[in-house]
Amino acid sequence: MSTPSDLESRRADAPADEGPPYVGALLRQCLDHVRARIEADLRSAGFTDLQPVQLAVFSFPPPDGVRPSDLARRIRMSRQATNHIIGQLEALGYLERRAEKKGERRLIYLTPRSWGMVKVVHATLLEIQAEWAADIGTDRFNDFMTALRRFASQQ
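In terms of numbering that gives the first Met the number 0, the sequence shown opens at residue 0 and continues consecutively.
Structure below.
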């Protein structure tokens, strides 16, 4: 049985069948790295009023013209928790809820402030992708992205 220290010292280029950490843990660790970079870059760009839990609302694709209940399902939060976060983001100037026509349900829309934040996030993601491609080589990184897109489309 592997111990925690064995798992931490496992080579980055270890064969896939060598044992843990398995794909779920590796994907989570990569996601943790990406999230930390996004949060740091947002703070550097002046978006210091956002909490990490609030950033879930802006997951791809950004919630522009969606119902709060659909957003709650997408980010895997209760409708109550999602509405609470939407209210916080409205107060901060990142989102607005409005109905296009009288009597229709209100939808969530991004504000110019949130579109600026989304641009910072996109720039950070492109930087990370370029760094990873430089680290493992463009061809390997392109294969990696192709595989991720394939697996993501199966959901």
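Positions of the beta carbon are idealized from the N, C-alpha and C atoms, including for glycine.
- Distance from the CA of Asn82 to the CA of Glu99, rounded to the nearest whole angstrom, comes to 19 angstroms.
- The C-beta of Leu30 has fewer than 16 other C-beta atoms within 10 Å across all chains shown, which makes the residue exposed.
- Taking 8 angstroms as the upper bound for CB-CB distance, Ile74 and Ala44 are not in contact here, some 23 angstroms apart.
- With a threshold of 16 other beta carbon atoms within 10 Å, Pro60 falls short and is exposed.
- When the alpha-carbon of Thr110 is set against those of Arg72, Lys101, Arg97 and Gln153, the nearest one is in Arg97.
- When secondary structure is reduced to three states using DSSP, Glu38 falls in the helix class.
- Put simply, the backbone Cα of Val33 is about 16 angstroms away from that of Leu49.
- The three-state reading of DSSP puts Leu49 in coil, since its state is none of H, G, I, E or B.
- Counting C-beta pairs closer than 8 angstroms gives fewer than three between the stretch 135 to 145 and the stretch 114 to 126, which falls short of the contact rule.
- Under the Cβ criterion (8 angstroms, minimum of three pairs), the stretch 99 to 108 counts as touching the stretch 62 to 69.
- In the three-state DSSP reduction, Leu91 falls in the coil class, being neither helix nor strand.
- Sixteen is the threshold: when 16 or more other Cβ atoms of the shown chains lie within 10 Å of the Cβ of Ile85, as they do, the residue is buried.
- With a threshold of 16 other beta carbon atoms within 10 Å, Leu26 falls short and is exposed.
- For Arg96, the three-state secondary structure derived from DSSP is strand.
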